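**Student:** According to this note's numbering, the sequence shown is numbered sequentially starting from 146.
The beta-carbon is built from N, C-alpha and C at its ideal position, and this holds for glycine as well.
Just so it is clear, the structure is predicted and the values come from calculations on it, not from any experiment.
So that we are looking at the same thing, I have put the structure below in C-alpha cells.
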Amino acid sequence: EELDQVYRLVYSSDTEEQRRGYERILVWKARCSSLPASVECTLELLHVMLRDNELWPHIVQCNMPPYVEQQLQIMYSTSIMRFLNHLSSLFQDIHSETLFRVADRLNIPAWLVDVRHQSAHSNTLPPLRLLRTAATFARGWLHEHTWKELALHLRDYERQESGKPADPVSEDLHELLESWQAVALYQKAGYVCLGEVPDKQL
C-alpha cells in the first residue's frame, strides 16, 4: 500500500506531490541500506528535476550565479549516467554487450546513450534542454518498465501476505523486488532460458 501511494505521488503531474513522493523515498533510504536500483535511479532523477523546477525561474531572471546552471547540467548528467550504467551492468558480465546494444534490447533510443557518453567523456556537457529531455525519458521508462509493474505485483504480494504486518522496504521484500525487476528486464531484452541470463545468481 505504501509503495503504491509513493508510486502515485512520484508520477503525479503536481510538483508538490512529486516532492512528497521524493521525501517518502528518502525515508525508505534511511530505513533500508540498499533500495532497488530502479528506486535509486528514480530518486536521483526526481531530485534534479525538482531542483531544476525550483531554480530555473531564478536563473532566467538572472538572480542566480552563472555556475548554478552548470550545476544542474552536472546533476542531470550524473543521474542519466547512473540510470544507463545500472541497465548495462545487468547484461555485460557474460555477453560483453555494448551499451548501445543493451539500450536497443530495452527500447531505449541511441540518442540517450549518446547523451550519457558526452556527459562521461566530453569536455563539454550536453545542453540543459537535451538533458531535461533525457531525464524525462528515463523517468518515463522507469514508470513503464519498473514502477507500474512493481506496483501491480506488490499488490498481489500484499494480498498473499495480508495476515502479516506490511513493510514495503524490508530486506526480504527488497530481495523479491530486485529479483523480479532483473528477471523482468531480461525478459524484455529477449532472454528465454535461464542459461542465457548474465546474472547467474538469479
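(1) Between the beta-carbon of Ser222 and the beta-carbon of Pro271, is there less than 8 angstroms?
(2) So, is Thr291 buried or exposed, given that buried needs 16 or more other C-beta atoms within 10 angstroms?
(3) Between the alpha carbons of Gln163 and Val193, how many angstroms are there, rounded?
(4) Report yes or no: do the stretch 253-267 and the stretch 198-207 share at least 3 C-beta pairs separated by less than 8 angstroms?
(5) The alpha helix (DSSP H) with Thr160 in it runs from where to where?
(6) Taking buried to mean at least 16 other C-beta atoms within 10 Å of its own C-beta, is Gln218 buried or exposed?
(7) From Arg196 to Glu242, what does the alpha carbon distance come to, in whole angstroms?
(8) Report, in whole angstroms, the separation of the C-beta atoms of Gly166 and Val155, which I expect to be a contact under 8 angstroms.
(9) Quick check on the DSSP output: the alpha helix (DSSP H) that includes Asn198 runs from which residue to which?
(10) Just to confirm, is the Cβ distance from Leu190 to Ile170 under 8 angstroms?
(11) Measuring only the C-alpha atoms, how far is Phe228 from Arg261?
(12) Apart from the five residues just before and just after Gly340, which ones in its own chain have a Cβ nearer than 6 angstroms to its Cβ?
(13) Looking at the secondary structure, which residues open and close the alpha helix (DSSP H) in which Asn230 lies?
(14) Let me confirm a value: Ala280 is counted as buried when at least 16 other C-beta atoms fall within 10 Å, else exposed. Which label applies?
(15) Is Ile239 helix, strand or coil by DSSP?
(16) CA-CA distance, Gln150 and Asn198?
(17) Quick check on this structure: which residue in Asp249, Trp173 and Leu275 has the alpha carbon closest to the alpha carbon of Gln148?
(18) So, for Gln385: in the same chain, excluding its five sequence neighbours on each side, which residues have a beta-carbon less than 8 angstroms away from its beta-carbon?
(19) So, with DSSP's three-state summary, where would you put Glu289?
**Tutor:** Taking the structure as given:
(1) The sequence position of residue 222 within the sequence shown is 77, counting from 1. The sequence position of residue 271 within the sequence shown is 126, counting from 1. Cβ atoms of Ser222 and Pro271: closer than 8 angstroms.
(2) As a working note, residue 291 is residue 146 in the sequence shown. It counts as buried.
(3) Stepping through the sequence shown from its first residue, residue 163 is reached at position 18. Stepping through the sequence shown from its first residue, residue 193 is reached at position 48. Looking at the two C-alpha atoms, the distance is approximately 12 angstroms.
(4) no
(5) Along the sequence shown, read from residue 1 onward, the residue named residue 160 stands at position 15. From DSSP, the alpha helix (DSSP H) with Thr160 extends over Thr160 to Arg176.
(6) Taking the sequence shown and counting its residues from 1, the one referred to as residue 218 is at position 73. By the neighbour-count rule (16 or more Cβ atoms within 10 Å), Gln218 is buried.
(7) Mapped onto the sequence shown, residue 196 falls at position 51. Mapped onto the sequence shown, residue 242 falls at position 97. Using only the alpha carbons, I get a separation of about 34 angstroms.
(8) Here residue 166 refers to the residue found at position 21 of the sequence shown. Here residue 155 refers to the residue found at position 10 of the sequence shown. Indeed, because the Cβ distance is near 4 angstroms, the residues count as touching under 8 angstroms.
(9) For this step, residue 198 is matched to residue 53 along the sequence shown. Residue range Ala182 to Val205 is occupied by the alpha helix (DSSP H) that includes Asn198.
(10) If you number the sequence shown from 1, residue 190 lands on position 45. If you number the sequence shown from 1, residue 170 lands on position 25. No, the Cβ-Cβ distance between Leu190 and Ile170 is not below 8 angstroms.
(11) Reading the sequence shown from its first residue, position 83 is the one you call residue 228. Reading the sequence shown from its first residue, position 116 is the one you call residue 261. One C-alpha to the other measures close to 9 angstroms.
(12) By one-based count along the sequence shown, residue 340 stands at place 195. With a pLDDT of only 49 at Gly340, under 50, the local geometry of the prediction cannot be trusted, and the value read off the model is given with reservation. Excluding residues within five positions, none has a Cβ falling inside 6 angstroms.
(13) Indexing the sequence shown from 1 puts residue 230 at position 85. Looking at the DSSP string, the run of the alpha helix (DSSP H) that includes Asn230 is Tyr212 to Ser234.
(14) Taking the sequence shown and counting its residues from 1, one reaches residue 280 at position 135. It counts as buried.
(15) For this step, residue 239 is matched to residue 94 along the sequence shown. Caution is warranted here: a pLDDT of 49 is assigned to Ile239, below 50, making its placement in the model unreliable, and the coordinate value is therefore given only provisionally. Ile239: helix per DSSP, three-state reduction.
(16) Taking the sequence shown and counting its residues from 1, the one referred to as residue 150 is at position 5. Taking the sequence shown and counting its residues from 1, the one referred to as residue 198 is at position 53. Gln150 and Asn198: Cα-Cα distance of roughly 23 angstroms.
(17) For the purposes of this step, residue 148 is identified with residue 3 of the sequence shown, where counting begins at 1. Reading the sequence as shown, one finds Leu at residue 148 and not Gln. Out of Asp249, Trp173 and Leu275, Trp173 has the C-alpha closest to the C-alpha of Leu148.
(18) The requested residue 385 is not part of the displayed model; the chain covers only 146 to 347.
(19) Indexing the sequence shown from 1 puts residue 289 at position 144. Note: Glu289 maps to helix in three-state DSSP.
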